[in-house]
Each structure stands twice: as structure tokens, then as C-alpha cells.
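Protein chains: 4
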Amino acid sequence: MPAKLSPKTRKPPRPKWRRRAEARPEEILDAALAEFTARGFEAARMEDIAKAAGLSKAAVYLYFPSKMALLEALIQAKVGPIAQRAQMLAQAGRDDPLAALRTLALAAAHTMADARVIAVPRLVIGVSGRFPEIADYYRTQVVEKARLALEALIEAGKAKGAIRDEIDVKAATRAFIGPLLFEALWTHVLRGETALAQPQNLIEQQFNILLRGLERRS
Amino acid sequence: MPAKLSPKTRKPPRPKWRRRAEARPEEILDAALAEFTARGFEAARMEDIAKAAGLSKAAVYLYFPSKMALLEALIQAKVGPIAQRAQMLAQAGRDDPLAALRTLALAAAHTMADARVIAVPRLVIGVSGRFPEIADYYRTQVVEKARLALEALIEAGKAKGAIRDEIDVKAATRAFIGPLLFEALWTHVLRGETALAQPQNLIEQQFNILLRGLERRS
Amino acid sequence: MPAKLSPKTRKPPRPKWRRRAEARPEEILDAALAEFTARGFEAARMEDIAKAAGLSKAAVYLYFPSKMALLEALIQAKVGPIAQRAQMLAQAGRDDPLAALRTLALAAAHTMADARVIAVPRLVIGVSGRFPEIADYYRTQVVEKARLALEALIEAGKAKGAIRDEIDVKAATRAFIGPLLFEALWTHVLRGETALAQPQNLIEQQFNILLRGLERRS
Amino acid sequence: MPAKLSPKTRKPPRPKWRRRAEARPEEILDAALAEFTARGFEAARMEDIAKAAGLSKAAVYLYFPSKMALLEALIQAKVGPIAQRAQMLAQAGRDDPLAALRTLALAAAHTMADARVIAVPRLVIGVSGRFPEIADYYRTQVVEKARLALEALIEAGKAKGAIRDEIDVKAATRAFIGPLLFEALWTHVLRGETALAQPQNLIEQQFNILLRGLERRS
DNA sequence: TATGAATGAGTCTTCATTCAT
DNA sequence: AATGAATGAAGACTCATTCAT
Numbered sequence: 001m002p003a004k005l006s007p008k009t010r011k012p013p014r015p016k017w018r019r020r021a022e023a024r025p026e027e028i029l030d031a032a033l034a035e036f037t038a039r040g041f042e043a044a045r046m047e048d049i050a051k052a053a054g055l056s057k058a059a060v061y062l063y064f065p066s067k068m069a070l071l072e073a074l075i076q077a078k079v080g081p082i083a084q085r086a087q088m089l090a091q092a093g094r095d096d097p098l099a100a101l102r103t104l105a106l107a108a109a110h111t112m113a114d115a116r117v118i119a120v121p122r123l124v125i126g127v128s129g130r131f132p133e134i135a136d137y138y139r140t141q142v143v144e145k146a147r148l149a150l151e152a153l154i155e156a157g158k159a160k161g162a163i164r165d166e167i168d169v170k171a172a173t174r175a176f177i178g179p180l181l182f183e184a185l186w187t188h189v190l191r192g193e194t195a196l197a198q199p200q201n202l203i204e205q206q207f208n209i210l211l212r213g214l215e216r217r218s
Numbered sequence: 219m220p221a222k223l224s225p226k227t228r229k230p231p232r233p234k235w236r237r238r239a240e241a242r243p244e245e246i247l248d249a250a251l252a253e254f255t256a257r258g259f260e261a262a263r264m265e266d267i268a269k270a271a272g273l274s275k276a277a278v279y280l281y282f283p284s285k286m287a288l289l290e291a292l293i294q295a296k297v298g299p300i301a302q303r304a305q306m307l308a309q310a311g312r313d314d315p316l317a318a319l320r321t322l323a324l325a326a327a328h329t330m331a332d333a334r335v336i337a338v339p340r341l342v343i344g345v346s347g348r349f350p351e352i353a354d355y356y357r358t359q360v361v362e363k364a365r366l367a368l369e370a371l372i373e374a375g376k377a378k379g380a381i382r383d384e385i386d387v388k389a390a391t392r393a394f395i396g397p398l399l400f401e402a403l404w405t406h407v408l409r410g411e412t413a414l415a416q417p418q419n420l421i422e423q424q425f426n427i428l429l430r431g432l433e434r435r436s
Numbered sequence: 437m438p439a440k441l442s443p444k445t446r447k448p449p450r451p452k453w454r455r456r457a458e459a460r461p462e463e464i465l466d467a468a469l470a471e472f473t474a475r476g477f478e479a480a481r482m483e484d485i486a487k488a489a490g491l492s493k494a495a496v497y498l499y500f501p502s503k504m505a506l507l508e509a510l511i512q513a514k515v516g517p518i519a520q521r522a523q524m525l526a527q528a529g530r531d532d533p534l535a536a537l538r539t540l541a542l543a544a545a546h547t548m549a550d551a552r553v554i555a556v557p558r559l560v561i562g563v564s565g566r567f568p569e570i571a572d573y574y575r576t577q578v579v580e581k582a583r584l585a586l587e588a589l590i591e592a593g594k595a596k597g598a599i600r601d602e603i604d605v606k607a608a609t610r611a612f613i614g615p616l617l618f619e620a621l622w623t624h625v626l627r628g629e630t631a632l633a634q635p636q637n638l639i640e641q642q643f644n645i646l647l648r649g650l651e652r653r654s
Numbered sequence: 655m656p657a658k659l660s661p662k663t664r665k666p667p668r669p670k671w672r673r674r675a676e677a678r679p680e681e682i683l684d685a686a687l688a689e690f691t692a693r694g695f696e697a698a699r700m701e702d703i704a705k706a707a708g709l710s711k712a713a714v715y716l717y718f719p720s721k722m723a724l725l726e727a728l729i730q731a732k733v734g735p736i737a738q739r740a741q742m743l744a745q746a747g748r749d750d751p752l753a754a755l756r757t758l759a760l761a762a763a764h765t766m767a768d769a770r771v772i773a774v775p776r777l778v779i780g781v782s783g784r785f786p787e788i789a790d791y792y793r794t795q796v797v798e799k800a801r802l803a804l805e806a807l808i809e810a811g812k813a814k815g816a817i818r819d820e821i822d823v824k825a826a827t828r829a830f831i832g833p834l835l836f837e838a839l840w841t842h843v844l845r846g847e848t849a850l851a852q853p854q855n856l857i858e859q860q861f862n863i864l865l866r867g868l869e870r871r872s
């Protein structure tokens, strides 16, 4: 499933032997994400990542053959869950699409209150100039999938008559994603006063406006 | 005025020596932006920047004392114009705020078709982990200002009765900015199929939805 | 007996545990020779040697305490046989020394067609700068012995009247060894077109010239 | 002329400017040869080479892009002179080929008394396993050329009637080179008692034997 | 005996920055 | 104002060697 990027190196064999060798890749990826986020991919030092994972520099190379591989594995590891969640949520709400959209938006806003959620996207934005394949990978594996799930939901809304016929589905999708993205960047990257913490307020208002723009005048 | 960041070194004094020495800082900043965008701040090499600006590595240091200073100067240089334009546009449309919003959105979409426009924001996102002051600076000097201009416009719309009273101004502003941001990142960073080139289509639909959500039912 | 070099560690004691544990040191030395030859002593990796010997890296250390010890053991192991063979051949031909010299040369040429035969000398040449003791060891244990055997043979030839009296024995010996050495390096190191494969031709001619230079004018 | 290996990096421009930048490549190559010879290519440290050349580690990289490039440049630099000298000597003696051969041999023996002369061949032998192209390069550019020059000389001897007709030229050539090679390795690599210092003795005897094997019985 | 896991000590290479001219 | 030359400091990656099992 993880399409393009180089495959993980983790070896599958004996899961019981020494210390907690099995947990290592996970720990390393966590440490790497933290360092990459804090300093950027280039400025992050393998030694710091290793230390944060409780290992020596050289040991990291037992699990990942290079810094770049670490980046790739990192993104891959975070990709699956996100895309899946988006799809599940979208499908869950085919009965009342408008309500589902609001629920989805609020859930997303809530999720995004955790800085780690945008760590990966932020990282992708940071390295996109140097490693366009990573941008492509992230677009196709994550954003595109989330977008399609959303589109399906809006399409369902149109079929049900809850959303006006002349609404362009793509446009609506982007209008939906955009504010969430802005809020996340505003909060975690630009360190502006967050509205994510009280989704009942700002975010909800935002989506009310949007939904009102979508819905059929009854 | 430029809040925290280091001062602009010095204007290279008398231009008596060689050709357009006066233009040098400009050229260097352009080259730096290009390199920073293409490779990221850390990975960009001073030598490449110098070469792109038609100078020797050492000569760059006659104008900017360090790589960091280059980054700061870069951001500062791009800050003024953007904020100003936003303010002008906002004020220009106090008569028919709704129309002004649509015009503004389309103009912004058009502008953003040029990749260089998001070069700086992308850069800011990339270095925000390492240099939070830069994120703060950009937020306060650019985004905040644009946001306030927009808020003023929407406030005006409410005052004129074009926008419904119960609309939360902050929420509306974010709903306005978000889709533009998404579109820019989607196009230039994630290299998705752009909608920016034909603003009459997708972007316009997007804002139609938003504006319909804002406007008072006639 | 093996002069300076470190002692042979220890014979791996009782072979009761696994299969042909007794053969292990042999296998390891073979693998080591192959790797050392292919990459040079410094560039050869213990891991590759271990893999080639069918063991884990750590297991190699059960038999040899260090990479250097491997090198020493390697050279020692190959030394005995070669010196012995030279001596035997030399003694075998005391009756007709000239014929014996030709036979010896052809046999040597034939032997040297196998690249492994010069693997050790080549290795010695490669490390001689770094480990002069190894060069000394090889000189005294191998080359010197072979040289003395040859000298004895030529001396015998003089005594029998087959070789002219005024011939300098040392000079003749070197004239004998040199071409073989050249041919081996030319073939296996410099990868030139070999003459070793058809010893009836080039090599034989070579020794004909030499022997004609040695023999008493009848 | 330097056929295959990557081209030198030395820049040709202004030969007077700063310190003695122009002499640098030469100095570095000398230092590199010394280190490579003393420790072998792999074990030699760039830092030591730099220090020996009176530079910082990084400065070496201004002249040669990598350690490997240093090795290549080194071999190339030493190749031309050697091949040329061989050719000149050979051509100089077409009148009395037998005398020329003896002169050549003694000159070669004399030259080889300097350890630096076999430094490069020894290095080539050392790295030939890892970098076969280098072995090939050295074979074609140096050994082959020297060999051909010698063959021409012997051919001339046959034409003049000084050397017997049935002598195989290739065989004679190798018989000629071999002892020199042995003597050089014996002396400088194996550190045996040298005969090179008193060429009037051993070496001369060696060649007397050889020449007597070559010459026509008068 | 055998090994997967781990690491300390190194080495090449890069690069922002300085200096002499 | 401008640059070729030079370097100190750093970082990715490697590998012989050790250890716990």
C-alpha cells in the first residue's frame, strides 16, 4: 500500500529476543518526527534523534539506512491512519451529510489542536522544494484521499437534496479544507491565538457560514 | 519598525565604483529567495546564492553579514508590499463590500498563480520550528494585517446590511483566507492540479459558496 | 616458529557442539583471503568475511581476536606449504639441474595461473607500508627460503659443470624469479593478457633464454 | 593524453596572485603519495595529507574533489614522465641494441634505488582489487608502453644480427623487466638487502646472464 | 558455540565565514 | 567593491569490536 517511497527496513523475525528491539523503529520515528519538526529536516542531527530515542547514533542505522530513509518512513507511517480516518468519517455520515460535515469539521478542529497532527504536513511543506517526490507522495496518499472522501460526502448531500444542485463539488471541498488548514498553520506554525481549542466557537461559526452557503434554501 | 529582526545592515554607500552596485542587495535577495525556496533555508548554499546573483561568495557578505540576516532581510523586504496591497484593496471596496470581497478573492487567486508569491510563506513555514521569531514576525507583520483589513471589510458589509448580523467576523475572515491558502499550497507545494489559473472557475465557485453563506437573505 | 606474528589464538577446543566446527578457522581464513584480495585489507569488512564464511560477525571473533590477527594467521597459514614445495622441488632435481630448473619454472608458471596463488603476495605488498613486520615475515619465511632453494639448485648446476663457473648465483636466482613475478602481477593484478595459461609458449621461451645464458658452452 | 581517469581540477588562471596557490596541487599530490605509500590508500587520512601539504583538510578539497580523485590524479601525474623516459632511452640505442639494453638496465636499476620510484606501482598493486580501472590504466599507460619500447629495441637487435633470430621478442622483454621488478619489490617492499645500490654487481650480473642468453653465438 | 543488538571512535566531506589582496 | 584562497566546526555514515543471551 505505501506506494512509492523506499520500503521499511524493519526485520520481521523473532519478536521476543533481546531488549525491546522490536519497539525500536517506532521509537526512532517518533524521535525523528520531533527533531525534524523542531529544527527542520536539514538542521536535525542524527545524533539528537538517536539520543532522543535512547540509542547511539550508529544504532539508528541498524533500522534506517539513511536520514532520508528516516524521513520517508516517517511520512509513510503517518499516512495510513490519517487517510483511513478521513474515509471512515466521511462514510459514516451518508444519512445526514450536512450534519456529518459539521461533525467532521469539529472533530478535525479538535484533532488539530494537537500540534503533532500538523507536524508531518509542516515537514512536507518544508522539504517539498528539495524532495518533490515527497510532496507528490503526500498529495496522492493523504490529501487527495481526504479530498475524495469529502467530495463523496458532498455529492451525497446533493443527491439527498440537502445541498444545492449548482454547487461545484470540488469548490465546496476546498472551501471546507481551507479554513482547517489555515487554522492549523495559524495556531501551530504562526503561533497565533488558537481557535482550535474552543471549537464550539470560531470553527463552528466558520462552518456555519460555509454550510449555509451550501444548503438548499428551504 | 521591523520588529525584532536584525537591521538592514547598511545601504551600500556611494555607487561610484562599479555598475549598479545599488541594485546588488535586491539581486542578492532575489537569488536567496530562489535558493531558499528550491532547497530550503538550511540546504541552500551561500555559494549558489552568490553565483545566482552574479557575485562571489565573499561579496555577499559585504551586503549581508550572515545567512540568517539574508533570511530576515528577505522576509522583511517582501512584507511591506503585501500588507499594503491588502489594506488598499480592502479600503477601496467599502461601498459594495460583497463585490469587493469577490474582487479581492479573484485578484488574490490570480496573484497566487505565480509561485513566487507563496515562496515566502512556504519558507516561513519551513523555518518556523527553528526560528519562532520569524514566524511571529510574519504573523504580526503580514497575516495579522491582512486579516484585520479583511475584518474591516466584512464589518463594513455588516454595517451596510449586506452581511448578516449574526456572522462572526473572525470566523468569516478565516473562512475567506483558508481556501486561498489551501489552493496556493495545493498548487505550488503539493503540485496538485491548479485551479488558480482559471479563477473564473473553481476559485470563483468557492467564493460564491462563501459569499452566499455570508449574505443577508434578500 | 612463526617469528614475530601473534600466536594462532587457540584451536577451537572440543568440536562437540555443532557440525564441523573444526573446519571453521579454515573457512574463515579462506573468506578473509578472498575479501582482502578483492578490496584490500583496510577496505575489507569483517561482516563480509563472516558472511562469506557462513557465520555471524561476532562468531569470527571466537576464532580470531581481531582483523589484524586474521591477516597474520592468513599469511602464516599460506607460508608453510609454499616454502616446503619450493624446497622439495629444488632437491628433487640435483641430478640434472638445468632440466630441473626448466621443470620448476614451468610448474611455477602453471601454478600461478590460479589467481589465488598470488593473492597473499599481493596482499603483503598492499600492507607492507603499514605493517613492515608482515613484509619482513614474508620475506624471511617465504621468499628467502625459496631463493635459497633455488640458489642450491644453481650451485649444484655449477658443481656438475652444467652451469658456467663465472655465473653469480644470486644474480641467476633473481633472474629466475623475476620473470615469474612479473608474469603473475601482469596477469592477475594488471589484468594483462596472460601467458601463464600456455606455459609451453611464452614462459618456456623466457626460461630458454635464461638457461641459455646460464649453461656452459658445449 | 591522460586517457581515462577523471580530469584534473586545477584551474589555469592568474599565476601570480595569492600565496603560492599555483604550487598547491603539486604539493598535495606529493603529500598524498607519501601518505598513500606509507599507510595504503584506505588507511591514509585526508587530514594527514593536508597537514603534510601545509593546508587544512578542507583546502585539499579546493583542488581535488575527493580522495579517489587524489589517487587518480596522482597516478596520472606520475605516468607521463615514466613512459616518456622509457621510450627515449629505447630509441636512443638503436645503433648498438645490446649495449643499449645493458645501459638501460643499469639506469633502471639506479633509478629504482630511490624508493619513490616504486611508490606508485606499489600503490597500484594495493588498490587494484578495489579499483580495477586503475590497474588497467596503469597497465595501458605505463607498463604496456615501456614493454613496447623494449620490444622495439630487441627487435632492432634481431634486425642488426646481434640477437638470435629464434628469440621470442615478448619472452625476452619479460625476461628483461622481471628481474628489475623483483629487485625493486625485494628492496623497497620486502626490505631485503638491496642489490640496487651497487648496480655494477648483482644487477649487472643478472643482465649479463640475460644478454648472453639473447646474443648470437659469434 | 553462536548471534542479534549495540556502540565508540573515527573519516570523509561540506559549508558558512574570514582574510589578504 | 570584490574575490580567490583558506579554514574551523560540524554532521552523516561506517566499522571493528563487545555484550547479553
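Chains as they are written, first to last, in my numbering: chain R, 1 to 218; chain A, 219 to 436; chain Y, 437 to 654; chain H, 655 to 872. Even glycine gets a Cβ: it sits at the ideal position worked out from N, Cα and C.
Query, Result
"PRO179(R) vs ARG392(A) beta-carbon contact at 8 Å", "yes"
"Which residues DSSP lists as bridging ILE817(H), in chain order", "GLU869(H)"
"GLN416(A) - DSSP class collapsed to helix/strand/coil", "coil"
"Closer than 8 Å to chain A by CB, GLN205(R)", "yes"
"Chain H within 8 Å of THR473(Y), Cβ atoms only", "yes"
"Secondary structure, alpha helix (DSSP H): runs of 4+ residues fully inside the segment 128-162 of chain R", "132-138, 144-160"
"Inter-residue Cα distance where the pair is ALA544(Y) and ALA535(Y)", "14 Å"
"Cβ pair ALA727(H), LEU687(H) closer than 8 Å", "no"
"Local Cβ density within 10 Å of PRO121(R), reported as buried at 16 or more and exposed below that", "buried"
"Exposure of GLY431(A), with buried meaning 16 or more beta-carbon neighbours within 10 Å", "buried"
"C-beta atoms of GLY694(H) and ARG575(Y) nearer than 8 Å", "no"
"Within-8 Å CB hit, PRO350(A) to chain R", "yes"
"Cutoff 8 Å; reference PHE500(Y); Cβ partners in own chain excluding five residues on either side", "THR445, PRO461, ILE464, LEU506, ALA509"
"When VAL360(A), ALA262(A), ALA308(A) are compared against GLN294(A), the one with the closest alpha-carbon", "VAL360(A)"
"Own chain residues within Cβ distance below 7 Å of LYS378(A), not counting five before or after", "PRO315"
"Short CB-CB distance (under 8 Å) between GLU837(H) and chain Y", "yes"
"PRO719(H) (DSSP reduced to helix, strand or coil)", "coil"
"Contacts of LEU210(R) in chain A (Cβ-Cβ under 8 Å)", "ALA393, ILE427, LEU428, GLY431"
"ILE49(R) - containing alpha helix (DSSP H), residue span", "46-52"
"Residues near ARG147(R) in its chain [Cβ-Cβ closer than 6 Å; skip 5 each side]", "THR173"
"Of the residues ARG870(H), ILE817(H), GLN860(H), GLU869(H), the one placed nearest LEU760(H), counting alpha carbons only", "GLN860(H)"
"Beta-carbon proximity of ALA256(A) to GLY80(R), cut-off 8 Å", "no"
"beta-carbon GLN309(A) near the ligand NAP non-hydrogen atom, thresh 7 Å", "Of ligands this structure carries none, so the ligand NAP is not represented either."
"Terminal residues of the alpha helix (DSSP H) in which VAL169(R) lies", "169-184"
"Below-8 Å beta-carbon distance, LYS824(H) vs any chain Y residue", "yes"
"Listed by chain order, chain H residues near ILE603(Y) by CB distance under 7 Å", "ILE863"
"Chain H contacts made by the segment 476-494 of chain Y, where a contact means CB separation under 8 Å", "GLY476, PHE477, GLU478, ALA479"
"Status (buried if at least 16 other CB within 10 Å, exposed otherwise) for ALA83(R)", "buried"
"Below-8 Å beta-carbon distance, ILE779(H) vs any chain Y residue", "yes"
"Neighbouring residues, chain A, relative to LEU202(R) (Cβ below 8 Å)", "ASP386, LYS388, ALA389, ARG392"
"Short CB-CB distance (under 8 Å) between GLY815(H) and chain Y", "no"
"Close Cβ partners of GLY157(R) (< 8 Å) along its chain, the five nearest in sequence each way excluded", "PRO97, LEU98, LEU101, ILE163, LEU214"
"Same chain, Cβ closer than 8 Å to TRP671(H), neighbours up to 5 away in sequence not counted", "In this prediction, TRP671(H) has a pLDDT of 39, which is less than 50 and means its spatial position is unreliable; what the coordinates show is noted afterwards. There are no such residues."
"Enclosing alpha helix (DSSP H) for HIS188(R) [first to last residue]", "Run containing HIS188(R): none; DSSP gives neither H nor E here."
"Min CB distance ALA439(Y) to chain H below 8 Å", "Here ALA439(Y) scores only 47 on pLDDT, less than 50, and its place in the model should not be relied on; the value that follows carries that caveat. False, the Cβ-Cβ gap to chain H never drops below 8 Å."
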